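*Asks:* Numbering (our numbering), first residue to last: 1 to 75. Glycine included, C-beta positions come from ideal geometry on N, C-alpha and C. Computed from a predicted structure; not experimentally measured.
This is the structure in structure tokens:
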């Protein structure tokens, strides 16, 4: 199932949002070695807090999520 929600709606999707932040930390910091701020195993940055982005998260039937494929959409 694809879940779509904004930063301002994250509290309605708290478990999914947390899984997404953990996956971002694994991919961005762990695999790509980007210089990102990881706190408690989660990567959340100023773009999340300041720009109210939309998130598209693919959640598997077992409750896991697919790793982030696209983090930023440019219009």
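What are the partner residues of residue 55, as DSSP defines its beta bridges?
*Replies:* 5
*Asks:* Under 6 Å Cβ to Cβ from residue 34, same chain only, skipping five residues before and after it: list those, please.
*Replies:* Within the same chain, and ignoring the five residues on either side of residue 34 in sequence, the residues whose Cβ sits closer than 6 Å to its Cβ are 28.
*Asks:* Nearest CA to the CA of residue 11: which residue from 55, 1, 66, 23?
*Replies:* 55
*Asks:* Where DSSP assigns a beta bridge to residue 43, which residues make up the other side?
*Replies:* 38
*Asks:* Mind checking residue 60: buried by the 16 CB within 10 Å criterion, or exposed?
*Replies:* exposed
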